[in-house]
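Numbering (my numbering), first residue to last: 162 to 1142.
The beta carbon of each residue, even a glycine, is placed where N, CA and C say it ideally should be.
Please read these numbers as outputs of a predicted model, since none were measured by experiment.
Below: the structure, in structure tokens.
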């Protein structure tokens, strides 16, 4: 074994990367001070990313710097490879006592990545999420008090699990003293590369910085050459080197190496020739050892290389010494228990050597690696060996062995919760299936079993579209009469995939699965509960409660506590929706208690979310509902599981704040939840609520943006009815705000057409309220014409006749819609009727609806000539609207007050800037006080990027060139008093 050797062909100092290094050092200092940061480092191969990161690691302000490399194994990524390397180093530094203090016991999910930590936890539905959170907690704890930098290199080779975990950390580190650094080759990102889609999302985050390394200038190339050779090359040679290398440091070094061997007059024309020049200068034995090393990947352990080459130790050392002295290989010493080995000076060099192998050499060497790994499993860690075996057997075209190795690797990936990598291995098996005789006998499973596992891996890995496609392929080749169990289970899997995609066909799959599955199968209880919940969401209440009852009975008979809790929660919601509020809430509480007892956090959160929804949507107890939802959210935040289990309670909070008139906080909550990248259907639902809040604030452009995002979503018409109602309400409101009432009538007719948007009571009534307003709008009547208005009125009447009015909110909606219908039919607007509607809303804690009803009552009194009543009612409307950040509503109130000559309380007028939204006015006021964009963001609880956008909009609307001129305009408008500056 060689020790202590180093290359003389690289610069001992970093050249030309001062700005990039300072950015890394500054963000590390931010992290050490308590603000998590992330940096994306891009650049073509050889441009100096690793050299920059090495220098950063020596100078970073953070107490700990961990590094992990993604490994290139063709299409076979090692799951979590860079994190395993970094976390193993960290765990050894921290010790068992630290881990016990952080986790309160063994980190059983983390043990999936680091088997030395003990036995891994039993598989459960949310194991992957818990693994991610244990990694997060470990990093947070290790970062105290001096900060921690985690560097992930070569992310262009990252496996799906590594990418997912990195994104999770970026979104969830918050105030942790952690800096994340990710490097990747920009020239490797082909059009379909997964990083191409991911990187723009990361760059948009305020705490993420990005840097792209470009080639060195001619002067910097001269500095680099002088640092390596002790003197600058002659000007002509320097010009040639700079021109041919484009300033790429690796190419500069290689060209200088050519010059050192008398080849400076003949500069290689191709990169391949350039890289292989160093190999051609090696002795033949050394070149053969380097060729063998290239087959292992970027790094090879000494003992494994010795066995593959078959050379005596002395001969191997001589060849390796020549390769190291020739600046081809670099020694990587043993550390943290990992064996010593070798890495190529640059990954490009390894690739060039590997690609230069003759076909026979390629096959033979890959086969040798596989044989040695099978003969002595200790040569690689178990979790790496399976993937390496699959890779080498496949590369050696040894298809039966490749199939078996891929099956083993798939099993190990599952144990590590690396579902994307398991799917990759299973899809390789499917690819090889028809080319390997007796494939089923080799792995002990038939093709359908492989497909079923692939579907499950795709679902668990967050790829429901791929899961659905694989399930459909499996179902095509299966006869339900011959194999009803597997047919039913595949249908259930496809139903799950479709449900995650928000597709209504999920119910069809679950129905078919239930009809196919034999009655004595243990899976029946879970299938019944799943279908009952799906039907409740559509909603089809009678069938749903029947199935929930059956699921509950079967679960209790078989001791299936998870299904018991699930069915109880579903039954509770269904009882509430049918009018038995107290009974339903008791059932939800009972289900929650069981879920808590069996530590089913996801199910417990579902119970909390459903209780909050029942309190707000049915009982009208909004503040109590908000407390319930926030308690659930706080629980998952305390457990650091908010990304996994808080989506439903987050939606509750958003919707309740919308009903309470807390529009700014509603929009902020949506932005926060969207950062977690929830499922597509959830994102659409959140955007609709945010759009509604923006519309009520008078921010029509933002409302339109959210509406357009919904309308452009693929497959949205296949989604649950829970989205159709809010979408139609938002579309009608946006069209009215844009001055397109005729189109608003068309949107209302379309929404009421098939009744889908009316199936959910709360959203159905909201849609009928928005639609009925059109009936009394003269602009709508003028544009739509009498026939379409009559059709709209008929549709509203028919829908009202079918709607439930069990609960007070439903009754308030019915009263308002009924009055609007009567006014459309010719009845005079009645102040008493609208006052009664306002009273209903007063008891339901919905201030906007109350203010709207009071305004209509005031308008009715004014039209009837009842001046005193009109004055009293418009003052009440103004008082109700005052706390609401709803300028359009307040403007209507003020306009009516002015028309009837009723003075409103103007003791404390709120100055405003013409043309600016309320949020923009707040931003302008802070800008005039000298706040920076980041300070504005902090005071208004928005992102710095959003603050920057607001400032740009303000400058444009005010027609001023800069912030100083905008501040002057704020003083002129009275937004800021001089003495407060």
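Secondary structure note for residue 768: its alpha helix (DSSP H) is the uninterrupted segment 762-775. By DSSP's assignment, residue 829 forms no beta bridge with any residue.
Every unbroken stretch of the alpha helix (DSSP H) spanning 4 or more residues and falling wholly within the region 605-647 is given here in chain order: 608-621 and 625-637.
Residue 653 carries a helical assignment under DSSP once its states are collapsed to helix, strand and coil. Under a 10 Å Cβ-count criterion, residue 784 is classified as exposed, with fewer than 16 other Cβ atoms of the shown protein chains found around its own Cβ.
The three-state secondary structure of residue 295, taken from DSSP, is helix. Residue 372 has its alpha-carbon roughly 14 Å from the corresponding atom of residue 312. The region 206-241 contains, as complete alpha helix (DSSP H) runs of 4+ residues, the segments 210-220 (chain order). Inter-residue distance for residue 1019 and residue 337 is about 54 Å (C-alpha atoms, whole angstroms). Residue nearest to residue 789 within the set 1046, 810, 798 and 833 is 810 (criterion: CA-CA distance). About 7 Å separates the beta carbons of residue 1014 and residue 977, which is inside the 8 Å limit, making them a contact pair. Membership of residue 984 in the alpha helix (DSSP H) is indicated by the continuous run 969-985. Here residue 174 is exposed, its C-beta having fewer than 16 other C-beta atoms within 10 Å.
Per DSSP, residue 808 lies in no beta strand (DSSP E); the unbroken alpha helix (DSSP H) holding it starts and ends at 808-821. Between the region 522-530 and the region 548-568 there are three or more C-beta pairs closer than 8 Å, enough to call the two in contact.
Counted as a single uninterrupted DSSP element, the beta strand (DSSP E) harbouring residue 310 occupies residues 309-314. For the pair residue 861 and residue 898, the CB atoms are nearer than the 8 Å cut-off. The region 180-195 and the region 389-400 do not touch, with fewer than three beta-carbon pairs separated by less than 8 Å. Residue state for residue 344 is assigned as strand, using DSSP reduced to three classes.
Every alpha helix (DSSP H) stretch that sits fully inside the region 531-617 and reaches 4 residues is listed by chain position as 543-556, 560-576, 580-593 and 600-604.
Comparing C-alpha distances from residue 317 to each of 340, 927 and 358 shows the shortest one belongs to 358. When the beta-carbon positions are compared, residue 240 and residue 582 come within less than 8 Å of each other. According to the DSSP assignment, residue 1020 belongs to the alpha helix (DSSP H) that extends over 1008-1024. Annotation: residue 335 to residue 708 spans about 43 Å, alpha carbon to alpha carbon. With fewer than 16 other beta carbons inside 10 angstroms of its own, residue 988 counts as exposed. The Cβ atoms of residue 908 and residue 896 lie closer than 8 Å to each other.
Under the DSSP assignment, residue 1130 falls in the alpha helix (DSSP H) whose first and last residues are 1124-1134. Leaving aside the five residues that flank residue 1017 on each side, the residues in its chain whose CB is nearer than 6 Å to its CB run, in chain order, 995. Residue 349 and residue 1120 have their C-alpha atoms some 44 Å from each other.
Beta-bridge partners of residue 491 (DSSP): 504. Within the region 354-388, the runs of beta strand (DSSP E) that reach at least 3 residues and sit entirely inside it are, in chain order, 369-373. For residue 201, the secondary structure class from DSSP, reduced to helix, strand or coil, is strand. Inclusion of residue 459 and residue 232 in the CB contact set at 8 Å is warranted, their separation being smaller than that value.
Distances from the CA of residue 494 to each of 314, 551 and 461 were compared; the closest alpha carbon is that of 461. The criterion of a C-beta distance shorter than 8 Å is satisfied by residue 177 and residue 381. If the five residues before and after residue 291 are omitted, its C-beta is found closer than 6 Å to the C-beta atoms of 270, all from its own chain and listed in chain order.
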